[in-house]
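Enquirer: One structure, pasted below without further comment.
There are 2 protein chains.
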Amino acid sequence: MKARIFVTLKPGVLDAQGKAIHHALEGLGFDGVNDVRQGKLIEVDLADGTPTDKIEDMCRKLLANTVIENFKVETSSEADPANRPTQL
Amino acid sequence: MKARIFVTLKPGVLDAQGKAIHHALEGLGFDGVNDVRQGKLIEVDLADGTPTDKIEDMCRKLLANTVIENFKVETSSEADPANRPTQL
Numbered sequence: 001m002k003a004r005i006f007v008t009l010k011p012g013v014l015d016a017q018g019k020a021i022h023h024a025l026e027g028l029g030f031d032g033v034n035d036v037r038q039g040k041l042i043e044v045d046l047a048d049g050t051p052t053d054k055i056e057d058m059c060r061k062l063l064a065n066t067v068i069e070n071f072k073v074e075t076s077s078e079a080d081p082a083n084r085p086t087q088l
Numbered sequence: 001m002k003a004r005i006f007v008t009l010k011p012g013v014l015d016a017q018g019k020a021i022h023h024a025l026e027g028l029g030f031d032g033v034n035d036v037r038q039g040k041l042i043e044v045d046l047a048d049g050t051p052t053d054k055i056e057d058m059c060r061k062l063l064a065n066t067v068i069e070n071f072k073v074e075t076s077s078e079a080d081p082a083n084r085p086t087q088l
């Protein structure tokens, strides 16, 4: 099974990387951008039947710094083709 | 409107960060982990009605290195509460 873990900075925590992206987008002439926040996407291939509790435990112990970051876990038994990124 | 952009390394591209996470998870006693890949999640707050084409243009020009990375764009007019990360 596959799990997708989204780790994002909590609201109010300064996101320097997001600000840099925002500034660069403006520099490239993309207007209408109000805010940019950067987070992490961690894709984990796990043994079938791994409970979500265990994945959340991984997040708390290693993947996210819960003082400044939130996380969200999404699981799917098989990679959904609709969720595949754009192939270039 | 909000756009969520997922940037992931293409299959076959060495993911050193993912390997480090995999190793650390095993070190913490989490078994059953077959593979870990790390990508980026970029949340952009845009002017309403920004076309997806423009967001994909941002990805090609700045957010993703399309030689080694794929990207996927998801848009929503309002942040869906179901998509909010776990509040801790």
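So the protein sequences, as listed, match chains A and B. Numbered according to our numbering, the first sequence spans residues 1 to 88. Numbered according to our numbering, the second sequence spans residues 1 to 88. Idealized CB from N, CA, C, for every residue including glycine. All values derive from a computational prediction rather than experimental measurement.
1) Residues of the stretch 23–48 of chain B in Cβ contact with chain A at a cutoff of 7 Å, in chain order, please.
2) Just the C-alpha distance for A:R37 and A:V7, rounded to the nearest angstrom, thanks.
3) Check whether the Cβ atoms of B:V33 and B:H22 lie closer than 9 Å to each other.
4) What does DSSP give as the partner residue(s) for A:D45 in the beta ladder?
5) Which bits of chain B does A:L165 rub up against, with CB to CB less than 8 Å?
6) By how many angstroms is the C-alpha of A:V73 removed from the C-alpha of A:A79?
7) Sorry if obvious, but does the Cβ on A:A64 come closer than 8 Å to a heavy atom of the ligand NAP?
8) Out of curiosity, what's the CA-to-CA distance linking A:G29 and B:R60?
9) Check the Cβ of B:T50 against every Cβ in chain A and list those closer than 7 Å, keeping chain order.
10) Between B:M1 and B:G27, what straight-line distance do the alpha-carbon atoms span, to the nearest angstrom?
11) Secondary structure at A:T50, three-state DSSP: helix, strand or coil?
12) Look at the alpha carbon of A:F71 and the alpha carbon of B:G49, and state the distance between them as a whole number of angstroms.
Expert: Taking the definition as stated:
1) A24, L25, L28, F30, G32, V33, N34, D35, V36, R37, Q38, G39, K40, L41, I42, E43, V44, D45, L46, A47
2) On the first sequence, position 37 is the one that residue 37 of chain A refers to. On the first sequence, position 7 is the one that residue 7 of chain A refers to. Looking at the two C-alpha atoms, the distance is approximately 11 Å.
3) The residue given as residue 33 of chain B occupies position 33 in the second sequence. The residue given as residue 22 of chain B occupies position 22 in the second sequence. Yes; because the gap between Cβ atoms is below 9 Å, this pair is in contact.
4) In the first sequence, residue 45 of chain A corresponds to position 45, counting from 1. BP columns for A:D45 point to A:K2, B:D35.
5) The structure shown does not extend to residue 165 of chain A, since chain A is modelled only from 1 to 88, so the question has no answer here.
6) Indexing the first sequence from 1 puts residue 79 of chain A at position 79. Indexing the first sequence from 1 puts residue 73 of chain A at position 73. Here the model assigns A:A79 a pLDDT of 48, short of 50, so the residue's position is not dependable and the matter cannot be decided.
7) Absent from the structure shown: the ligand NAP. Ligands present: none.
8) To locate residue 29 of chain A, count along the first sequence from 1; it is residue 29. To locate residue 60 of chain B, count along the second sequence from 1; it is residue 60. Straight-line Cα distance between these residues: approximately 14 Å.
9) Walking along the second sequence from the start, residue 50 of chain B turns up at place 50. Those within 7 Å of B:T50 in chain A are G32.
10) Here residue 1 of chain B is taken as the residue at index 1 of the second sequence, counted from 1. Here residue 27 of chain B is taken as the residue at index 27 of the second sequence, counted from 1. Distance between the alpha carbons of B:M1 and B:G27 is about 41 Å.
11) Mapped onto the first sequence, residue 50 of chain A falls at position 50. Reduced to three states, the DSSP call for A:T50 is coil.
12) Within the first sequence, the letter at position 71 stands for residue 71 of chain A. Within the second sequence, the letter at position 49 stands for residue 49 of chain B. One C-alpha to the other measures close to 28 Å.
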